[in-house]
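Remarks on the structure that follows.
Residue numbers (our numbering), protein chains in the order written: chain V, 7 to 293; chain A, 6 to 297.
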């Protein structure tokens, strides 16, 4: 559906390059202000500018409360920028961006739907016939290793299994853009590593552009092509690091011991440390 | 002494898989036996005490009634009927009023709760007035309804509905407010229309709250119907109660009370079945509070 739309607007280009172009995220001078409950204006992010190339895995790392999640909200079209613009595939975002999937820290699963029902929701909302949606959802559950759990409810699953359901639900519509807001933040360390490896495996099959928010630097370096450091209050981009670790990366646990990983990790931490300390000093002062 | 006991047990033969299991079983059986003993003893002591103290004259049975006479009154209600037709007829009248009131109030409460819960501006406009209305002693409305609509079924249905409405309304409203915003964002990103958001997220999520409120709401529907009848009617359990009161007959009042309690219990268990059906996805509750 998305492909067709873009074929109209750019008839000269070939099919694959449409799909690729459609997945570019360009953020220019993005500023977002909120009104606090006391009526004061509050600037969450100021003058954020960066571009995520099609198929790129881009992580944003920054201290707590620096407006990382706000940035994602603008890209999805759930929120409007106060100033600046967001363009996806060359078109400014004015409503809900098509072909985007979201993954949150808390599992945004429907507790009243079965595992199958949860994964089916994407195709169902896109208007797919029920029978086809079931077949597709079964196929995705197989890919994330949850065959046999179709009729369970989310509360009957472990944290890692719920994440897999969320991943299948996010990827089933084959989004061109995947927005992830600390998706593995609440998991224990071992489960987290397994989920990261599985995410990379799934991502490499369809290669959507990914905007991945985390405050775990190791996670950012292990998964991404690029790591953006965000300053805090109001948030803006401080620095950008290219991660030249070869792909496919394989097991996330193993990458962590590679020499190049450690170098990059040290470099980025040097940049991040100041921000974290400044943010901490502020919250400690306020408390 | 108990520590000695415990240590002896732990070194003893029972420290095998089979032994531990047998001990657990014994402890559970002991608990169950004590519980049932207590459950049987409690009413025997209370009702027996009542019977004995009224029979010996410590308490005046003219004012407080007597269990054996309450039983006779109950039997009489079924065998001799009442001044207003058979007891079944009167039960049917009261039940009809309560059920219609319950349905009307529930539907109204759900509709308004969902509307106001989803619309910030609308709820901000209405909230002070709803709070004010809620603090009005609504039972008094019954007097107005009887004056305005006469002695028939309608004023009782209306009173029951008003009582039910506010309970269901506040729960539906809160249920909509408590909806997981991540879920809403998720389906919106997937392209859901406002109607689809309501169908897939808001309504199922609010349903937990709404159904929980129905238990209390049905009790209030019964109260509404009874009070309506007490205030003025031509039939119904409420009328039987006022009439017995006028004849200084506490036994019939108690008998009518027991009848309504039984009806409420039956309705309660039907609602529990509905709750289990609709909310089968919910994790089993970890507290025992629901069992009580």
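For every residue, glycine included, the Cβ atom is placed at its ideal position computed from N, Cα and C.
| Query | Result |
| --- | --- |
| Just to confirm, are residue 231/V and residue 249/V a CB contact at a threshold of 7 Å? | yes |
| Check the DSSP bridge columns for residue 39/V and list the partner residues they point to. | 49/V |
| Terminal residues of the continuous beta strand (DSSP E) containing residue 187/V? | 183 to 187 |
| Out of 258/A, 248/A, 215/A, which one is the CA nearest neighbour of residue 284/A? | 215/A |
| Once the 5 residues before and after residue 56/A are set aside, which same chain residues still bring their CB inside 8 Å of it? | 71, 72, 73 |
| With C-beta atoms as the reference, is residue 178/A less than 7 Å away from residue 86/A? | no |
| Between residue 185/V and residue 115/A, what straight-line distance do the alpha-carbon atoms span, to the nearest angstrom? | 35 Å |
| Looking at C-alpha atoms only, which residue of 274/V, 43/V, 229/V is the closest neighbour of residue 62/V? | 229/V |
| Using a 10 Å radius around the Cβ and a threshold of 16 neighbouring Cβ atoms, would you call residue 45/A buried or exposed? | exposed |
| What are the start and end residues of each continuous alpha helix (DSSP H) run of 4 or more residues lying completely inside the stretch 105 to 178 of chain V, in chain order? | 121 to 131, 136 to 149, 165 to 177 |
| Can residue 173/A and residue 146/A be called in contact, C-beta distance under 7 Å? | no |
| What did DSSP end up calling residue 210/A once you bin it into helix, strand or coil? | helix |
| I'd like to know whether the C-beta of residue 3/V is nearer than 7 Å to at least one C-beta of chain A. | Because chain V in this structure spans residues 7 to 293, residue 3/V falls outside the shown range and cannot be described. |
| Can you grab the Cα-Cα spacing for the pair residue 49/A / residue 43/A, in whole Å? | 10 Å |
| Going by DSSP, name the residue or residues bridged to residue 63/V. | 216/V |
| In angstroms, rounded to a whole number, what distance separates the CA positions of residue 286/A and residue 138/V? | 24 Å |
| Where does residue 246/V fall in DSSP's three states? | strand |
| Closer than 9 Å by beta-carbon distance: list the chain A residues that pair up with residue 107/V, in chain order. | 191, 194, 195 |
| Can you grab the Cα-Cα spacing for the pair residue 155/A / residue 237/A, in whole Å? | 8 Å |
| Does the beta carbon of residue 112/V come closer than 7 Å to any beta carbon on chain A? | yes |
| Can you tell me the Cα-Cα spacing of residue 29/A and residue 37/A, whole angstroms? | 12 Å |
| With a cut-off of 8 Å, do at least 3 Cβ pairs link the stretch 116 to 124 of chain V to the stretch 155 to 173 of chain V? | yes |
| Step through the CB atoms of chain V and report whether any lies within less than 7 Å of the CB of residue 7/A. | Confidence at residue 7/A is low in this model, with a pLDDT of 43, below 50, so its placement is unreliable and no value can be given for it. |
| List the residues of chain V that residue 286/A touches, going by C-beta distances under 9 Å, in chain order. | 116, 117, 118, 119, 120, 159, 160, 161 |
| Could you check what DSSP says for residue 19/V in three-state terms: helix, strand or coil? | Reliability of the predicted coordinates at residue 19/V is poor, the pLDDT of 39 falling under 50, and the value obtained from them is presented with this limitation in mind. Residue 19/V falls in the coil class under three-state DSSP. |
| Just to confirm the assignment, what range does the alpha helix (DSSP H) spanning residue 24/A have? | 22 to 60 |
| Note down, in chain order, every chain A residue with its Cβ under 7 Å from the Cβ of residue 208/V. | Residues of chain A passing the Cβ test: none, with the nearest at roughly 18 Å. |
| Along chain V, which residues have their Cβ under 7 Å away from the Cβ of residue 187/A? | 110, 112, 114 |
| Does residue 96/V come out as helix, strand or coil in the three-state DSSP assignment? | coil |
| Which residues bound the beta strand (DSSP E) around residue 232/V? | 232 to 236 |
| For residue 199/A, decide whether its Cβ has a neighbour in chain V, counting only Cβ atoms nearer than 7 Å. | no |
| Please report the residue range of the alpha helix (DSSP H) in which residue 167/A lies. | 159 to 182 |
| State yes or no: is the C-beta of residue 237/V within less than 7 Å of the C-beta of residue 281/V? | yes |
| Any Cβ of chain A within less than 7 Å of the Cβ of residue 131/V? | yes |
| Check this for me: beta carbons of residue 142/V and residue 129/V, under 7 Å apart or not? | yes |
| Taking only beta-carbon positions, decide if residue 191/V is within less than 7 Å of chain A. | no |
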